[in-house]
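Asker: Starting off with a structure, shown below.
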Amino acid sequence: MSEAPILKDTTRSSGREALQKKIQAAMALASAIRSTLGPKGLDKLLIDDEGRTLVTNDGVTVLETAKVEHPIAKMMINASSTQDRIAKDGTTSTVILAGEMLQNAWQLILQGIHPSTVARGYRKSEQYILQCMSEIKFEANENIKNSVVKTSLAGKGHSSMQETIARVSLDAVRMVAEQDSTVDLSKIKLISQTGGRVEDSKAFRGLMIPKKRISSNMMKTVKHGKIVLVDGGLEKSNVATDLKLNVTTVGVLESFRQEERNMLKRQVDKLIKNNVTVLACRESIDDDIKNYLAENGIQAFRRVARSDLNMLARVCNTNLINSIDALTTNDLGSFISSENTTIDGKDFWIIKGDGNAATIIAKASTADFVSEVERCFDDSIGVSIHLVEDGFVVCGGGASYVALARRLRRYAETIPGREQLAIEAYADAIEVIVRVLAENAGIDPITTLLDVVAKQTNNDSDYIGINLSTGRPSDMVELGVLEPQGIVKQAIIGATEVAISVLRIDDVLWAKQEMQMPDMPEDGM
Ligand code: ADP
Ligand code: MG
Numbered sequence: 319m320s321e322a323p324i325l326k327d328t329t330r331s332s333g334r335e336a337l338q339k340k341i342q343a344a345m346a347l348a349s350a351i352r353s354t355l356g357p358k359g360l361d362k363l364l365i366d367d368e369g370r371t372l373v374t375n376d377g378v379t380v381l382e383t384a385k386v387e388h389p390i391a392k393m394m395i396n397a398s399s400t401q402d403r404i405a406k407d408g409t410t411s412t413v414i415l416a417g418e419m420l421q422n423a424w425q426l427i428l429q430g431i432h433p434s435t436v437a438r439g440y441r442k443s444e445q446y447i448l449q450c451m452s453e454i455k456f457e458a459n460e461n462i463k464n465s466v467v468k469t470s471l472a473g474k475g476h477s478s479m480q481e482t483i484a485r486v487s488l489d490a491v492r493m494v495a496e497q498d499s500t501v502d503l504s505k506i507k508l509i510s511q512t513g514g515r516v517e518d519s520k521a522f523r524g525l526m527i528p529k530k531r532i533s534s535n536m537m538k539t540v541k542h543g544k545i546v547l548v549d550g551g552l553e554k555s556n557v558a559t560d561l562k563l564n565v566t567t568v569g570v571l572e573s574f575r576q577e578e579r580n581m582l583k584r585q586v587d588k589l590i591k592n593n594v595t596v597l598a599c600r601e602s603i604d605d606d607i608k609n610y611l612a613e614n615g616i617q618a619f620r621r622v623a624r625s626d627l628n629m630l631a632r633v634c635n636t637n638l639i640n641s642i643d644a645l646t647t648n649d650l651g652s653f654i655s656s657e658n659t660t661i662d663g664k665d666f667w668i669i670k671g672d673g674n675a676a677t678i679i680a681k682a683s684t685a686d687f688v689s690e691v692e693r694c695f696d697d698s699i700g701v702s703i704h705l706v707e708d709g710f711v712v713c714g715g716g717a718s719y720v721a722l723a724r725r726l727r728r729y730a731e732t733i734p735g736r737e738q739l740a741i742e743a744y745a746d747a748i749e750v751i752v753r754v755l756a757e758n759a760g761i762d763p764i765t766t767l768l769d770v771v772a773k774q775t776n777n778d779s780d781y782i783g784i785n786l787s788t789g790r791p792s793d794m795v796e797l798g799v800l801e802p803q804g805i806v807k808q809a810i811i812g813a814t815e816v817a818i819s820v821l822r823i824d825d826v827l828w829a830k831q832e833m834q835m836p837d838m839p840e841d842g843m
């Protein structure tokens, strides 16, 4: 039968050949970032179209920067980006897990097992191990929380840098945690500065904006007052832009200017009437009105970034207005203190409101390094949020995956038919984390995995993982190699989702254009 006309401009591949191509693409991607996993993982040097370079050890950054066209590879990258958005960490693990699940699925398909049987077995496995998480997790005390955040920074920077970033991130997250332990990420601001040591980075209570009040005649500190946030300015040009003035009589120009000043004054009078003591504008504030503001006890800031204004709105429980003319009593925010200060020679405006907020000042020696430090903070803030909100952790170093795989194999025995094989294949797949961690540390991956499994079984312990310094199986709680359970959970969910979606696609219809296919991994499949 000929192709339906509707498919005239598409290339179609289906059946086993199509599946093989999809799995190759997934594995090629996984193999591209495999070497970055774990503390001994290597960095990647990324070069963009314009020749800019970026050195990173962060899986999701590598993937999002690489220009990948293959649709399946894109699905994997999306899973990794989702992991980054939801869990902030575990992005490399997600892709490696998905690649391994698909490789093992392929082996079963070659033996004649239908992809949808494999998909069903995988789904059962996922559901089973997610239930088992409650058996291997435990609650972290404050000391442990620090180790957990440090683990998330493994392989990124040196040890004292990890120590600082972990401590500062946890400090910031605790500052914004609500009474019910929920944390709103948007209440933490990160300011990065070049010049200085990472170890001098610090978390401050309140929202900090690198600004100075517009006049030194204004009060340096104002306590317990009302604030107005203007998504515009307090300027003369607002009225005069399209005006053409015919000056015919002496004094007209002066009286026109006077009228403009009066117009600004009337706006300030409105602030005074509403007992406003702090004003922040996104655009300019006219120099002519500075003194009038100062005389009336108003502290004012101009050219405040919109992102900062939005954060101010959250901290002071209010909203932005377009101009002071539009001000109503509903647009008045409240604050506890609004203070001008200098830190290491730089001016800052620190505002504390009824809503919690925290600012991290991150320091790094060079511009290249600053972006890596920012990414580290992003990760560790994400992990700290998990810890403050949930507090349950599992062991790293591959321990939790081995513990789950051991349970899964026992479960497989209870499932009849071919799905049993799929569950076993899934158990093998999640052990990939131990193998890759060992591989990247130059340790034999197979022996390591067997040793870890044996020691977990003999000691009846879920805490044994790979100690990458000695190459021996060790207790990860003693080593302080721990991860929030939410991150491992999300990695399992994300990886399984991608693997199953790939297995479910039985037809690939390509619009007729050249698609790029990533190179095959060296060891083939
Ligand atoms: P991801 O993007 O998946 O978070 P990482 O490169 O951050 O990838 O590596 C995370 C993995 O490294 C986790 O499995 C974690 O348990 C492991 N890991 C981190 N530190 C250590 C350590 N000191 N010893 C053994 N494993 C570690
Ligand atoms: Mg990580």
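Going by this note's numbering, the sequence shown opens with residue 319, and the numbers climb by one from there.
Backbone N, C-alpha and C fix where the C-beta goes; we use that ideal spot for every residue, glycine too.
How many angstroms separate the CA atom of THR677 from the CA atom of PHE666?
Answerer: If I take the Cα positions, the gap works out to 11 Å.
Asker: By the DSSP assignment, the alpha helix (DSSP H) with ALA623 in it spans what residues?
Answerer: Premise fails: ALA623 is in no alpha helix (DSSP H) and is neither H nor E.
Asker: Do the segment 391-406 and the segment 807-824 touch if we need at least three Cβ pairs shorter than 8 Å?
Answerer: Flag = yes, the segment 391-406 and the segment 807-824 touch.
Asker: Along the chain, where does the beta strand (DSSP E) that runs through GLN511 open and close?
Answerer: Looking at the DSSP string, the run of the beta strand (DSSP E) that includes GLN511 is 506-512.
Asker: Examine the ligand MG and report whether any of its heavy atoms sits within less than 7 Å of the Cβ of SER452.
Answerer: Result no, Cβ not under 7 Å from the ligand MG.
Asker: From ILE590 to ASN614, what does the alpha carbon distance come to, in whole angstroms?
Answerer: Their backbone Cα atoms lie some 7 Å apart in a straight line.
Asker: To the nearest angstrom, how far is the alpha carbon of ASN535 from that of LYS664?
Answerer: Those two C-alpha atoms are separated by around 19 Å.
Asker: Can you tell which of SER718, PRO763, GLN449, SER443 has its C-alpha closest to the C-alpha of GLY818?
Answerer: Checking the displayed sequence, the identity of residue 818 turns out to be Ile instead of Gly. ILE818 has its Cα closest to that of SER443, out of SER718, PRO763, GLN449, SER443.
Asker: Count the other CB atoms within 10 Å of the CB of ARG728; is the residue buried (16 or more) or exposed (fewer)?
Answerer: Label assigned to ARG728: exposed.
Asker: Out of ASP606, THR647, GLY569, which one is the CA nearest neighbour of ASN593?
Answerer: When each option's Cα is compared against that of ASN593, the closest is THR647.
Asker: Whose C-beta lies closer than 7 Å to the C-beta of GLY333 among residues of the same chain, with five residues either side of it excluded?
Answerer: Cβ within range, chain order: n/a, list empty.
Asker: Alpha carbons only, please: which of ARG724, LEU611, GLU801 is nearest the one belonging to LEU705?
Answerer: The residue with the shortest Cα to Cα distance from LEU705 is GLU801.
Asker: Mind checking whether the beta-carbon of SER411 lies closer than 7 Å to any heavy atom of the ligand ADP?
Answerer: Yes, the ligand ADP has a heavy atom inside 7 Å of this Cβ.
Asker: On the DSSP bridge assignment, give the partners of GLN297 in chain order.
Answerer: No answer is possible for residue 297: the residues shown for the chain start at 319 and end at 843.
Asker: Would you mind sorting LEU768 into buried or exposed? The rule is 16 or more other CB atoms within 10 Å of its CB.
Answerer: Counting Cβ neighbours within 10 Å, LEU768 comes out exposed, since fewer than 16 surround it.
Asker: Are there any heavy atoms of the ligand MG lying less than 7 Å away from the beta-carbon of GLY408, as far as the coordinates show?
Answerer: Flag set: Cβ of GLY408 near the ligand MG.
Asker: Do THR482 and SER519 have their beta-carbon atoms positioned less than 8 Å apart in this structure?
Answerer: Against a cut-off of 8 Å, the Cβ pair of THR482 and SER519 comes out as a contact.
Asker: If you draw a straight line from the alpha carbon of GLN617 to that of VAL491, how long is it in whole angstroms?
Answerer: Answer to the nearest angstrom: the Cα atoms are 29 Å apart.
Asker: Should ARG620 be labelled buried (16 or more other beta-carbon atoms within 10 Å of its own) or exposed?
Answerer: Under this definition ARG620 is a buried residue.
Asker: Residues in its own chain within less than 8 Å of ALA558 by CB, not counting five upstream and five downstream?
Answerer: Unreliable positioning characterises ALA558 in this predicted model, as indicated by a pLDDT of 48, which lies under 50. The coordinate reading is nonetheless provided below. The residues are GLU578.
Asker: Considering only the alpha carbon of each residue, which of VAL691, GLY417, MET479, ALA685 lies closest to ASP746?
Answerer: If we check each option's Cα against that of ASP746, GLY417 comes out closest.
Asker: For a test of your reading of the model: does the CB of ASP361 fall under 7 Å from any non-hydrogen atom of the ligand MG? Yes or no.
Answerer: Because no heavy atom of the ligand MG lies under 7 Å away, the Cβ of ASP361 does not count as near it: no.
Asker: Would LEU726 pass as a contact of TYR446 if the rule is Cβ separation under 8 Å?
Answerer: Yes.
Asker: Measuring only the C-alpha atoms, how far is LYS670 from LEU547?
Answerer: Between LYS670 and LEU547, the C-alpha separation is close to 15 Å.
Asker: Quick one: what's got a C-beta closer than 7 Å to GLY812's C-beta in the same chain, skipping five residues either side?
Answerer: The answer, listed in chain order, is ALA397, THR400, GLN401, THR412.
Asker: Measuring only the C-alpha atoms, how far is LYS392 from LEU415?
Answerer: Distance between the alpha carbons of LYS392 and LEU415 is about 16 Å.
Asker: How big is the Cα-Cα spacing for ILE733 and ALA759?
Answerer: Straight-line Cα distance between these residues: approximately 37 Å.
Asker: Can you tell which of ARG515, ARG632, VAL754, GLY369 has the C-alpha that lies nearest to the C-alpha of ASP662?
Answerer: If we check each option's Cα against that of ASP662, ARG515 comes out closest.
Asker: Taking the CB atoms as reference points, tell me whether VAL622 and ILE545 lie closer together than 8 Å.
Answerer: Their beta carbons are not under 8 Å apart, which means VAL622 does not touch ILE545 by this criterion.
Asker: CB-CB under 6 Å to ILE365, same chain, minus the five flanking residues each way: which ones, in chain order?
Answerer: Result list for ILE365: THR371, in chain order.
Asker: Compare the beta carbon distance of GLU690 and THR374 with 8 Å and say whether it is the shorter of the two.
Answerer: In this structure, THR374 lies closer than 8 Å to GLU690 by Cβ.
Asker: Would you mind reading off the limits of the alpha helix (DSSP H) that contains ARG579?
Answerer: Segment 570-591, the alpha helix (DSSP H) holding ARG579.
Asker: To the nearest angstrom, how far is the alpha carbon of MET629 from that of LYS529?
Answerer: Cα to Cα, MET629 sits roughly 15 Å from LYS529.
Asker: Can you tell me whether ASN640 is buried or exposed, with buried defined as 16 or more other CB within 10 angstroms of its CB?
Answerer: ASN640 should be labelled exposed.
Asker: Which residue comes first and which comes last in the alpha helix (DSSP H) that contains ILE351?
Answerer: Start and end: 333-352.
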